[in-house]
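Asks: One line per chain: the protein sequences are A and B, in this order. Numbering-wise, my numbering comes out as the position in the first sequence, counting from 1, plus 47. Numbering-wise, my numbering comes out as the position in the second sequence, counting from 1, plus 47.
2 protein chains.
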Amino acid sequence: MSLTVVGTVAFDAIETPYGKTDKIIGGAGTHVALSASYFNKDINLISIVGDDFPQDYLDLLKKHSIDIDGIQIKKGEKTFFWKGRYHKDMNVRDTLATELNSLENFDPVVPDKYQNTDYLMLGNLTPLVQRQVIERMEKRPKLIVMDTMNFWMDIMLDELKKTISMVDVISINEEEAQQLSGKNTLVKAAKVIHAMGPKYIIIKKGAHGALLFGEGKVFSAPALPLEYAFDPTGAGDTFAGGFIGYLAKTNDISFDNMKNAVIAGSVMASFNVEKFGTERIVELTEEEINERILNFVDLTVFSLRKI
Amino acid sequence: MSLTVVGTVAFDAIETPYGKTDKIIGGAGTHVALSASYFNKDINLISIVGDDFPQDYLDLLKKHSIDIDGIQIKKGEKTFFWKGRYHKDMNVRDTLATELNSLENFDPVVPDKYQNTDYLMLGNLTPLVQRQVIERMEKRPKLIVMDTMNFWMDIMLDELKKTISMVDVISINEEEAQQLSGKNTLVKAAKVIHAMGPKYIIIKKGAHGALLFGEGKVFSAPALPLEYAFDPTGAGDTFAGGFIGYLAKTNDISFDNMKNAVIAGSVMASFNVEKFGTERIVELTEEEINERILNFVDLTVFSLRKI
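1) Since A/R352 meets chain B, which of its residues come closer than 9 Å, beta carbon to beta carbon?
2) For A/N163, I'd like the list of residues in its chain whose CB is within less than 6 Å of its CB, leaving aside the five on either flank, ordered along the chain.
3) Please state whether DSSP places A/G288 in a helix, a strand or coil.
4) Give, in chain order, every residue of the segment 259-275 of chain B whose Cβ lies closer than 9 Å to some Cβ of chain A.
5) Hey, how far is the Cα of B/L331 from the Cα of B/L81?
6) Starting from B/F277, trace the alpha helix (DSSP H) both ways and give me its first and last residue.
7) Here's a check: name, in chain order, each residue in its chain whose Cβ is nearer than 6 Å to the Cβ of B/L372, leaving out the five neighbours to either side.
8) Between the segment 144-161 of chain B and the segment 93-101 of chain B, do at least 3 Cβ pairs fall closer than 8 Å?
9) Is the beta carbon of B/G131 closer than 8 Å to that of B/I61?
10) With 8 Å set as the bound, which would you pick, yes or no: does the beta-carbon of A/V234 sit closer than that to a beta-carbon of chain B?
11) Applying a beta-carbon distance threshold of less than 8 Å, which residues of chain A neighbour B/I310?
12) For the segment 75-90 of chain A, list every residue whose C-beta sits within 9 Å of some C-beta in chain B, in sequence order.
13) In whole angstroms, what is the alpha-carbon distance linking B/K353 and A/L271?
14) Beta carbon of A/I249, beta carbon of A/A257: below 8 Å?
15) Would A/T195 and B/Y275 qualify as a contact pair, given that the criterion is a beta-carbon distance under 8 Å?
16) Anything in chain B within Cβ reach of A/N298, meaning under 7 Å, just list it in chain order.
17) With distances taken between CB atoms, is the gap from B/F286 to B/A316 smaller than 8 Å?
18) If B/G170 and B/G76 are in contact, beta carbons under 8 Å, what's the gap, nearest whole angstrom?
19) Could you name the residues of chain A that B/K135 contacts, counting a contact when the two beta carbons are closer than 8 Å?
20) Is there a Cβ from chain A that is less than 8 Å from the Cβ of B/E330?
21) Which of helix, strand or coil does DSSP assign to B/N91?
22) Could you tell me if the beta carbon of B/I217 falls within a distance shorter than 7 Å of some heavy atom in the ligand FAD?
23) Report the rounded CA-to-CA distance for A/F407 versus A/L175, giving the unit in angstroms.
24) Does the beta-carbon of B/S212 have 16 or more other beta-carbons within 10 angstroms, so that it is buried, or is it exposed?
25) Go ahead and label B/L207 buried or exposed: buried means 16 or more other beta carbons lie within 10 angstroms of its beta carbon, across all protein chains shown.
26) Under 8 Å between C-beta atoms, does A/N307 make it to chain B?
27) Listing by chain order, which chain B residues have their CB less than 7 Å from the CB of A/K252?
28) What is the rounded straight-line gap between the Cα of B/M243 and the Cα of B/S267?
29) List the endpoints of the continuous beta strand (DSSP E) containing A/M356.
30) Put B/V234 into one of helix, strand or coil per three-state DSSP.
31) Here's the rule I'm using: 16 or more other beta-carbon atoms within 10 Å means buried, otherwise exposed. How should A/D284 be labelled?
32) Could you check whether the Cβ of A/E333 sits closer than 8 Å to any Cβ belonging to chain B?
33) Does B/A60 come out as helix, strand or coil in the three-state DSSP assignment?
34) If you compare alpha carbons, which of A/M137, A/Q179 and A/A144 is closest to A/F153?
35) Since I believe B/M200 is in contact with B/E223 (beta carbons under 8 Å), could you give me their beta-carbon distance rounded to a whole number of angstroms?
36) Counting only the same chain and skipping the five closest in sequence on each side, list residues whose C-beta sits under 6 Å from that of A/V79.
Okay, here's the thing in structure tokens:
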């Protein structure tokens with residue numbers, strides 16, 4: 048089924064304990080779309096870049112069957128740039144630079160051919176832009192998923208809540224779920240966020256996996272235990288891409304199939320952290336993905352049913 | 048199969064954000080043995096108390112088919128006492144009092160009838176006593192499992208390492224695994240601890256579940272997501288009791304069956320936190336346990352096998 052993604056397409060410069068990069072392709076929209084491309088071949092990307100964004104990077108997206116006609120290229124402007132440094136504890140990072148550039152006045156355009164999209168993924172972005180994309184769709188997509196972060200909770204909580212009220216699934220991390228809900232346990236946090244609108248809540252716990260809440264049920268996906276994460280940048284976006292990509296591929300939004308989608312997301316995130324930025328998720332094969340799915344099966348399957 | 052447990056039998060006084068207790072029955076040995084009693088009926092308990100320890104509490108253990116002839120009752124001495132207060136974040140607790148009392152000169156005795164035990168569980172205790180129990184067994188048990196904590200790493204690391212080198216399975220929590228190994232990721236930590244002797248390493252992650260490492264494989268068990276934990280005291284011991292109790296019952300120490308045992312432990316720990324101390328795990332029924340096992344199945348099972 049058709050999938051439309053909105054999110055940043057950007058330059059990232061990353062420093063981790065294992066190395067550093069100059070400006071490379073990054074952004075939530077990039078990670079989501081690339082990750083989803085392994086599941087679904089009908090993907091549209093809505094974003095904005097400056098005219099400094101290399102044609103090679105645009106070609107990379109096209110090579111992954113991503114329609115980029117929804118990416119506005121702003122003449123005379125520069126592309127959004129983020130620079131960050133991770134500590135030895137990869138859960139902690141310093142933002143060294145954030146240059147909004149062309150992103151500052153992003154007025155998203157939904158090309159006609161993106162209308163009637165079945166699945167809509169709102170990557171992490173200002174909640175106003177996320178909402179504008181929903182409003183500019185002539186027909187409400189079958190499923191709308193959003194990702195967000197604490198930054199928007201801090202500076203525009205009311206805007207954010209308005210957007211949250213319009214989506215079916217929200218994906219946020221553990222601390223953000225606690226901040227958004229004011230609750231310390233994740234079960235309580237999910238209840239409060241559920242009351243804000245979304246039918247399903249995904250809480251990402253990094254190295255501890257992810258929880259899916261909905262329909263009064265809960266599913267727990269592990270993360271693959273790793274010797275080290277080379278670079279966690281974009282892991283959450285890559286997770287979201289695997290999640291929505293799998294749902295768009297299978298066109299089944301039952302809770303049981305969402306469990307599979309959470310595993311698909313977890314599988315993709317486990318690859319993402321193996322190299323810098325998108326380096327790992329642009330080179331994957333179907334065989335590698337299937338092998339890793341079986342790793343997740345081994346990691347979780349037990350036969351106990353009663354004592 | 049026969050199971051021998053060594054561990055403290057004690058008084059606990061607990062304060063949590065939900066209430067407080069006066070002195071109630073506690074101790075690692077108590078939690079381990081009570082939890083294991085739902086799986087295996089041939090359980091021996093090696094411990095020590097003072098003559099202030101109520102007959103009612105001893106009868107409670109006997110009622111759960113636990114042989115208490117290995118509990119020394121020291122005339123004129125008092126029972127080990129621990130008093131603690133949990134914060135709103137239940138991962139943080141203050142120890143308000145620790146009175147070793149009769150535990151201070153604990154010289155463990157292995158009754159003749161406990162010889163030839165098949166399974167040995169060394170509950171959290173001074174590593175010297177744990178080792179003495181191993182050495183006082185005429186025949187090495189089929190499987191020796193130990194639980195320990197950071198306290199012993201801080202004050203007698205060499206003693207602890209000596210005991211660790213003699214066991215098959217070690218169960219410790221996440222921060223303790225990092226402290227013991229000097230490694231920050233759990234995969235690396237498990238490798239280092241494996242090199243110290245144990246073939247299998249269980250890393251307990253509280254609300255994030257537990258990981259089992261061994262034979263080059265890894266298994267991830269979730270914790271049951273809970274609205275709140277009423278009292279986490281003894282959750283790790285109760286986990287260990289479910290783990291060893293299930294293994295003793297099934298007498299199968301393959302990695303695949305250890306996965307089941309980790310789930311059995313997780314199930315028992317999920318009950319333990321619902322009330323103060325041992326209050327919940329003394330009143331369980333087989334039906335409740337089987338129902339909760341199915342909760343863990345729902346929580347983890349997905350059908351995805353390839354994309």
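The C-beta atom is built at its ideal place from N, Cα and C for all residues, glycine as well.
Replies: Checking against the coordinates, here is how it stands:
1) On the first sequence, position 305 is the one that residue 352 of chain A refers to. Simply N337, I340, L341 and V344.
2) As a position in the first sequence, residue 163 of chain A is number 116, starting the count at 1. Correct list, in chain order: K186.
3) Here residue 288 of chain A corresponds to residue number 241 of the first sequence, with the count starting at 1. Three-state DSSP puts A/G288 in a helix.
4) Listed in sequence order: F260, K264, V265, F266, S267, A268, P269, A270, L271, P272, L273, E274 and Y275.
5) The residue given as residue 331 of chain B occupies position 284 in the second sequence. The residue given as residue 81 of chain B occupies position 34 in the second sequence. Whole-angstrom Cα-Cα distance: 10 Å.
6) The sequence position of residue 277 of chain B within the second sequence is 230, counting from 1. Per DSSP, B/F277 lies in no alpha helix (DSSP H) segment and is marked neither H nor E.
7) Past the edges of chain B, shown from 48 to 354, lies residue 372 of chain B, and the structure says nothing about it.
8) Three or more beta-carbon pairs separated by less than 8 Å link the segment 144-161 of chain B to the segment 93-101 of chain B, which places the two stretches in contact.
9) Taking the second sequence and counting its residues from 1, one reaches residue 61 of chain B at position 14. Taking the second sequence and counting its residues from 1, one reaches residue 131 of chain B at position 84. For B/I61 and B/G131, yes; Cβs fall inside 8 Å.
10) Here residue 234 of chain A corresponds to residue number 187 of the first sequence, with the count starting at 1. Judged by the 8 Å Cβ criterion, A/V234 is in contact with chain B.
11) As a working mapping, residue 310 of chain B is identified with position 263 in the second sequence. Near B/I310 (Cβ distances below 8 Å), the residues of chain A are F349 and L351.
12) Identification of residues in the segment 75-90 of chain A having a C-beta nearer than 9 Å to some C-beta of chain B yields Y85 and F86, given in sequence order.
13) As a first step, residue 353 of chain B must be located in the second sequence, where it is residue number 306. As a first step, residue 271 of chain A must be located in the first sequence, where it is residue number 224. B/K353 and A/L271 have their alpha carbons spaced roughly 17 Å apart.
14) Locating residue 249 of chain A in the first sequence gives position 202, where the first residue counts as 1. Locating residue 257 of chain A in the first sequence gives position 210, where the first residue counts as 1. Yes, the Cβ-Cβ distance between A/I249 and A/A257 is below 8 Å.
15) Along the first sequence, read from residue 1 onward, the residue named residue 195 of chain A stands at position 148. Along the second sequence, read from residue 1 onward, the residue named residue 275 of chain B stands at position 228. Taking C-beta atoms as the reference points, A/T195 and B/Y275 fail to come closer than 8 Å.
16) Within the first sequence, residue 298 of chain A is the residue found at index 251, counting from 1. Those do not exist, as A/N298 stays about 14 Å from chain B at its closest Cβ, beyond 7 Å.
17) Working through the second sequence from its first residue, we reach residue 286 of chain B at position 239. Working through the second sequence from its first residue, we reach residue 316 of chain B at position 269. Yes, the Cβ-Cβ distance between B/F286 and B/A316 is below 8 Å.
18) If you number the second sequence from 1, residue 170 of chain B lands on position 123. If you number the second sequence from 1, residue 76 of chain B lands on position 29. Between B/G76 and B/G170 the Cβ distance is about 5 Å, and since that is below 8 Å, they are a contact.
19) Within the second sequence, the letter at position 88 stands for residue 135 of chain B. Simply N231.
20) Translated into the one-based positions of the second sequence, residue 330 of chain B becomes position 283. No, its Cβ sits nowhere closer than 8 Å to a Cβ of chain A.
21) If you number the second sequence from 1, residue 91 of chain B lands on position 44. It is a strand residue.
22) For the structure depicted, the ligand FAD is absent and the ligand set is empty, with no information on it obtainable.
23) The first residue shown for chain A is 48 and the last is 354, placing residue 407 of chain A beyond what the model contains.
24) Locating residue 212 of chain B in the second sequence gives position 165, counting from the first residue. Its Cβ having fewer than 16 others within 10 Å, B/S212 is exposed.
25) Taking the first residue of the second sequence as position 1, residue 207 of chain B is located at position 160. Counting Cβ neighbours within 10 Å, B/L207 comes out buried, since at least 16 surround it.
26) If you number the first sequence from 1, residue 307 of chain A lands on position 260. Yes, A/N307 counts as interfacial toward chain B.
27) Sequence index remark: in the first sequence, residue 252 of chain A carries index 205 (1-based). Chain order gives the chain B residues near A/K252 as H255, where near means a beta carbon separation below 7 Å.
28) Taking the first residue of the second sequence as position 1, residue 243 of chain B is located at position 196. Taking the first residue of the second sequence as position 1, residue 267 of chain B is located at position 220. So the alpha carbons of these two residues sit roughly 22 Å apart.
29) Lying before the first or after the last residue shown, residue 356 of chain A is absent from chain A, which here runs from 48 to 354.
30) Position 187 of the second sequence holds residue 234 of chain B. Here DSSP, grouped into helix, strand and coil, assigns B/V234 to helix.
31) Here residue 284 of chain A refers to the residue found at position 237 when the first sequence is read from its first residue. Classification for A/D284: buried.
32) Your numbering for residue 333 of chain A matches position 286 in the first sequence. Interface criterion met: the Cβ of A/E333 is under 8 Å from a Cβ in chain B.
33) The residue given as residue 60 of chain B occupies position 13 in the second sequence. DSSP, read as helix, strand or coil, puts B/A60 in strand.
34) Your numbering for residue 153 of chain A matches position 106 in the first sequence. When A/M137, A/Q179 and A/A144 are compared, the shortest CA-CA separation from A/F153 is found for A/Q179.
35) Locating residue 223 of chain B in the second sequence gives position 176, where the first residue counts as 1. Locating residue 200 of chain B in the second sequence gives position 153, where the first residue counts as 1. That pair is a contact at about 7 Å.
36) For the purposes of this step, residue 79 of chain A is identified with residue 32 of the first sequence, where counting begins at 1. Counting only Cβ-Cβ distances below 6 Å, and skipping sequence neighbours, we find V52, G54, M168, G170, D284, A287 and G288.
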